[in-house]
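Below is one structure, written out as structure tokens, with a few remarks after it.
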Amino acid sequence: MASTRSSQEGDELVLKAEKELKSWGVFGKEAGDTLHKTVLCHLKLESRFDAAQSYLDAAQNYLKVSKKDTITSLECAINEFSDMGKLDKVGKIEQQLAELYEDEGSEEGNLEKAIQHYERAEHLYDSENMKSASNTCMQKAAHINAMVGNYEKALGSFEQSARNALDDKLLKYGAKDSFFKAGLCGLCKMDNADEDLPEFKEKFESYKEEDVMFEDSYECKLVDKLIIAIEGKNVKAFQMAIKEYDNIKRLDNWKTQILLKIKDKVGTTDLT
-15 MASTRSSQEG DELVLKAEKE LKSWGVFGKE AGDTLHKTVL CHLKLESRFD AAQSYLDAAQ
45 NYLKVSKKDT ITSLECAINE FSDMGKLDKV GKIEQQLAEL YEDEGSEEGN LEKAIQHYER
105 AEHLYDSENM KSASNTCMQK AAHINAMVGN YEKALGSFEQ SARNALDDKL LKYGAKDSFF
165 KAGLCGLCKM DNADEDLPEF KEKFESYKEE DVMFEDSYEC KLVDKLIIAI EGKNVKAFQM
225 AIKEYDNIKR LDNWKTQILL KIKDKVGTTD LT
């Protein structure tokens, strides 16, 4: 009986410490470690949601001091929320893990792990009918796939993202950007421009048919000009098309990097 009372008192002290940490705004590894200890207390009280939330709170505390502990805490939270069927919560944590790996850069397979977690988040959001969040994660994975050279997979994802957008009144105006990126990936994946360009042109024309607003967009016109430049092996025309677009709508880093890869189809002149 005494040992039971002692255990209960210990649990109460740990839970009290958790409340104090939150009320005082204490952060860091020590706070994260304390929050991990509260998980067992919550589980004893059959409060799985609070246990899962403690893992999330611990992850936030570890975020700036320990990537390893952050990931471990997030994965533990995923297990708890999954068992409770809280798939929307799991999706958000998978997205957080993806962003964490993406921020770490290309070392140690981080980008590949980021892709995996974005894809999991995408499917979880989709299962919960969270279309906008699902589409965002699909695009995020596609961006990284293109950066690591998985152009075919990136192209397919951007095409699907565009079609998803067209089916949703709130998202349809974003379809042109996805078709644009699909077009850039299509140009990137060509092994031989002379042989592969006719098939790409046919595919690109289909984008214009699917999205009536795409054909008149600056993005579509840029790809059309790039096609002509590649056909004529005209580096100057290629550069001019990019410059004209950039003067109207500034190129972000992703598009710039992709265009630098496409430039090899027309020559080796530096496009930066």
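Residue numbers (the numbering used here): -15 to 256.
Beta carbons are placed, not taken as given, at the ideal position from N, Cα and C, and that holds for glycine.
Here the structure is a predicted model, which is why all the values come from computation and not from measurement.
Quick one: measure Cβ to Cβ for ALA105 and CYS121, integer angstroms, because I've assumed they're closer than 8 Å. So it is a contact: roughly 4 Å between Cβ atoms.
What three-state label does DSSP hand MET174 in the structure shown? Coil, per DSSP.
Quick one: is GLN241 buried, meaning 16 or more other Cβ sit within 10 Å of its Cβ, or exposed? Its Cβ having fewer than 16 others within 10 Å, GLN241 is exposed.
Take ALA138 and list the residues in its own chain whose beta-carbon comes closer than 6 Å to its own, dropping the five residues that flank it on each side. Short of 6 Å from the beta carbon of ALA138, and not among the five residues preceding or following it, lie these beta carbons of its own chain, in chain order: ALA126, ASN129, ALA130, CYS169.
How would you label PHE198, buried or exposed, when you count the other beta carbons within 10 angstroms and need 16 or more for buried? The Cβ neighbour count for PHE198, taken over all protein chains shown within 10 Å, is at least 16; the residue is labelled buried.
I'd like the span of the alpha helix (DSSP H) that includes SER90, first residue to last. Taken as a continuous stretch (DSSP letters only), SER90 belongs to no alpha helix (DSSP H), as it is neither H nor E.
Is the number of C-beta pairs between the region 87 to 96 and the region 59 to 72 that are closer than 8 Å three or more? Counting Cβ pairs under 8 Å, fewer than three are found: no touch.
Tell me, please, whether the region 185 to 196 touches the region 219 to 232 by the rule of three or more beta-carbon pairs shorter than 8 Å. At 8 Å Cβ cutoff, the stretches do not touch.
Could I get the ranges of all uninterrupted alpha helix (DSSP H) runs contained in the region 181 to 230, with 4 residues as the minimum, in chain order? Listed in chain order, the complete alpha helix (DSSP H) runs (minimum 4 residues) inside the region 181 to 230 are 202 to 215.
Reduced DSSP category for ARG234 - H, G, I as helix; E, B as strand; rest coil: Assigned with DSSP and collapsed to three states, ARG234 falls in coil, not helix or strand.
Secondary structure at LYS48, three-state DSSP: helix, strand or coil? In the structure shown, LYS48 sits in coil (DSSP, three-state: anything other than H, G, I, E or B).
How many Å lie between ALA276 and PHE164 at the Cα? With the chain covering -15 to 256 only, the question about residue 276 has no answer from this structure.
Delimiting residues of the alpha helix (DSSP H) encompassing MET114: Going by DSSP, MET114 is part of no alpha helix (DSSP H) at all; its letter is neither H nor E.
Closest to ASP87 by CA distance: which of LYS51, LYS239, LEU71, ASN231 is it? Cα-wise, what sits closest to ASP87 is LYS51.
For VAL207, I'd like the list of residues in its chain whose CB is within less than 8 Å of its CB, leaving aside the five on either flank, ordered along the chain. For VAL207, where only same-chain residues beyond five positions count, the Cβ hits under 8 Å are PHE164, GLY167, LEU168, LEU171, PHE188.
If you follow the alpha helix (DSSP H) that GLU136 is part of, which residue opens it and which one closes it? For GLU136, the enclosing alpha helix (DSSP H) begins and ends at 135 to 150.
Span separating the alpha-carbon of ASP151 from that of GLU64: Cα to Cα, the separation comes out at about 34 Å.
Compute the Euclidean distance between the alpha carbons of GLY133 and THR54, then round it to the nearest angstrom. In a straight line, the C-alpha of GLY133 is about 29 Å away from that of THR54.
What did DSSP end up calling VAL23 once you bin it into helix, strand or coil? DSSP places VAL23 in the helix class (H, G or I) of the three-state scheme.
Assuming the contact rule is C-beta atoms closer than 8 Å, LEU19 and ASP41 should be a hit. Round their C-beta distance to whole Å, please. The Cβ separation is near 5 Å, so the contact holds.
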